[in-house]
Every structure is written in C-alpha cells, then in structure tokens.
Amino acid sequence: MRMRFFSFLLCGILLLSFGVARPASAMFEAFSQLREDIEAMEKSSPDNLDDILQKLEGVSGTKFTDVQSGEWFHRYVTSLTRWGIASGYKDAKGNATGKFGPGNTVTVAEILKMALKSAQVDETRCVGKPALRQAESHWARPFVLCGEQRNMRLLRSSPDLNRSALRGEVLGVIFDAFGDNVPPLYAPFTDAKNHAYESDIGYAAALKMVSGDKDASGKSTGMFRPDAPVKRGEAAKMLYERLRVEVMENQK
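Numbering-wise (our numbering), the sequence shown opens with residue 1278 and increments by one.
Rendered as structure tokens:
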C-alpha cells in the first residue's frame, strides 16, 4: 500500500514539475479549435453541455442514432467525431450507417487509427512494407506502418488487427501514439499488479483517464480488468481525456 501511495506521489511530482511526461518536441501546433471546444465543455453546466454538443454535431455534420443526449459517452464520441478522430460504421458499399456502436468492443485496428489521429500523426507519410503481414491487405495498413515506426509495444506481438483490444493495451497504444515517456508507476488496482501495462494503467489513473470499476452504489471496487475488451464509448473517453491533458499543458 505504501509503495502504491508513493507511486502516485511520485507521479504527482512529475506532473507538477514537468507536465505530461513526453519528448521535448511539441506534438501539436494548432490547438485553437480543439482547445475552445474542450474549454467550453469543461466550464459548462449540465444543461448548457447538451447545447454545446448539439452545436458540435451540427458542425461535424454527423449524428449517430445510437449516441443520444444524456448518455455518458455522448460528449466523448461527439467530440472525437467533430475533430476527425473517430467515425461511425459503414456498410458494404462504403455508405455511413448512422451508427457508432458505443457498446461494441474496439478492435486493435480501430484503436491504432484513433490514437494516431489523436496524436496528429499523418498516416500518409508512413510508407514502406509493414512487418505485420496481416496489415499488407488491411484497411489499417498505414496506421500499422505508423505504429511500427513509433515502435508501439502492442505491435511487437503481431496481434490480430480484427480482435478486440484489451484495456491495458489500449492505454499502451495511446501513450505510444503520443510518444509519452510513461513513468515507472504502480497501478492503484489490485488486478493490475505486475501486469505488462501496469505503469501505463497507473499513469492513466494519475492523469484521470481511467478510474477503475465501480459497484452498483458507485463505490470503487479496486479493480480495472486490464485484460478485458474495451468498448468504443470507453475508448472515446480515454482518448478525450488524453487530449484534454495535452491541450491544457499547451496553455502553459
């Protein structure tokens, strides 16, 4: 318990002293619109938030039938769609179905795409032949190439791009996409102890990207389920929170 407390104390010191732990080079150059959107949402009352989100949906021209006002994931899905990071499903002809699938599990390919787009990585500049053979004929080929060039840890194990991405993996992909130097932290969850992504989980908790499971009364269970699949709505929240940290850091 003392070691876990110390890890959070250490992370707090790192964040206060140096901000987000990442390479010295600035990752974002144009934050104006994203910052305006996030600031407006963070400062708004619950009633005004719905109005802001409706405006964002109008600007993006995208409204999903399965992402309704009042749903906990509404803010995150709408924001990521507005910023060109997330998109809904398409049918066999490539036409939008009008559904986002917030309750569906996010695949490895999907989280690669969303994480790299969140980090403003231009996938058109990632060229060459992917080491992951499955990627050669996969729609996510350019994102796999970018991920390999950024030495993403998940891609080292040659994962099936179409399988569900796991909770620990998703955090690792996000931090690798942003080029974060993840501090060696203990996770505040009992089931994340000695996990391959324990430091990522601890870092995400310190950044308030994740909070772990809660029981029916809303009380923390102390569990995170690092090897459970992540739903698309949850992935949208994780990405939004990482972007929020990035934007706020660039205000300083």
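Every residue gets a Cβ at the ideal spot worked out from N, C-alpha and C, and that includes glycine.
Task: Beta-carbon gap between residue 1361 and residue 1377 smaller than 8 angstroms - done: In this structure, residue 1377 does not lie closer than 8 angstroms to residue 1361 by Cβ.
- [ ] Go through its chain and collect everything with a Cβ distance to residue 1477's Cβ below 7 angstroms, but skip five positions before and after it.
- [x] 1445, 1448, 1449, 1452, 1459
Open item on the list: Taking the straight line between their C-alpha atoms, what separation do you get for residue 1342 and residue 1424?
Closed with: Cα to Cα, residue 1342 sits roughly 32 angstroms from residue 1424.
- [ ] Inspect the beta-carbon positions of residue 1431 and residue 1421 and report whether they are closer than 8 angstroms.
- [x] In this structure, residue 1421 does not lie closer than 8 angstroms to residue 1431 by Cβ.
Open item on the list: If the criterion is Cβ atoms closer than 8 angstroms, does the pair residue 1472 and residue 1436 meet it?
Closed with: no
Task: Inter-residue Cα distance where the pair is residue 1300 and residue 1454 - done: With a pLDDT of only 44 at residue 1300, under 50, the local geometry of the prediction cannot be trusted, and no value is derived from it.
Open item on the list: Less than 8 angstroms between C-beta atoms, sequence neighbours within five positions excluded: which residues of the same chain meet that for residue 1470?
Closed with: 1463, 1464
Open item on the list: Assuming contact is defined by CB atoms lying nearer than 8 angstroms, are residue 1438 and residue 1386 in contact in what I supplied?
Closed with: Yes.
Open item on the list: One question on the structure: do residue 1519 and residue 1395 come within less than 8 angstroms of each other, judged by their Cβ atoms?
Closed with: yes
TODO: Within the same chain, show all residues whose beta-carbon is closer than 8 angstroms to that of residue 1488, passing over the 5 residues directly before and after it, in chain order.
DONE: Within the same chain, residue 1488 has close Cβ partners 1482, 1497.
Open item on the list: For residue 1428 and residue 1479, I'd like the C-alpha separation in whole angstroms.
Closed with: 21 angstroms
Task: Boundaries (first-last residue) of the alpha helix (DSSP H) holding residue 1449 - done: 1444 to 1455
TODO: State yes or no: is the C-beta of residue 1441 within less than 8 angstroms of the C-beta of residue 1506?
DONE: yes
TODO: Would you kindly work out how many angstroms separate the C-alpha atoms of residue 1501 and residue 1508, rounded to a whole number?
DONE: 14 angstroms
Task: Continuous alpha helix (DSSP H) assignments of at least 4 residues falling wholly in the region 1405 to 1492 - done: 1418 to 1426, 1444 to 1455, 1475 to 1483
Task: alpha helix (DSSP H) segment containing residue 1517, residue limits - done: 1509 to 1526
TODO: Express the C-alpha separation of residue 1490 and residue 1347 in angstroms, rounding to a whole number.
DONE: 21 angstroms
- [ ] Below 8 angstroms on the Cβ atoms is my guess for residue 1383 versus residue 1512; work out the distance and round it to an integer in Å.
- [x] For residue 1383 against residue 1512, the beta-carbon gap comes to about 4 angstroms, under 8 angstroms, which counts as contact.
Open item on the list: Can you check which of these residues, 1418, 1392, 1391, is closest to residue 1403 by C-alpha distance?
Closed with: If you compare the alpha carbons of 1418, 1392, 1391 with that of residue 1403, the shortest gap goes to 1418.
Open item on the list: Out of 1461, 1405, 1381, which one is the CA nearest neighbour of residue 1475?
Closed with: Considering only 1461, 1405, 1381, the residue with the shortest C-alpha distance to residue 1475 is 1461.
Open item on the list: Looking at the secondary structure, which residues open and close the alpha helix (DSSP H) in which residue 1376 lies?
Closed with: Per DSSP, residue 1376 belongs to no alpha helix (DSSP H) and is neither H nor E.
- [ ] Would you kindly work out how many angstroms separate the C-alpha atoms of residue 1525 and residue 1350, rounded to a whole number?
- [x] Their Cα atoms are separated by approximately 21 angstroms.
Task: Selected residue, minimal CA-CA separation from residue 1270, among 1339, 1344, 1416, 1358 - done: As displayed, the chain neither begins before 1278 nor continues past 1529, which places residue 1270 out of reach and without an answer.
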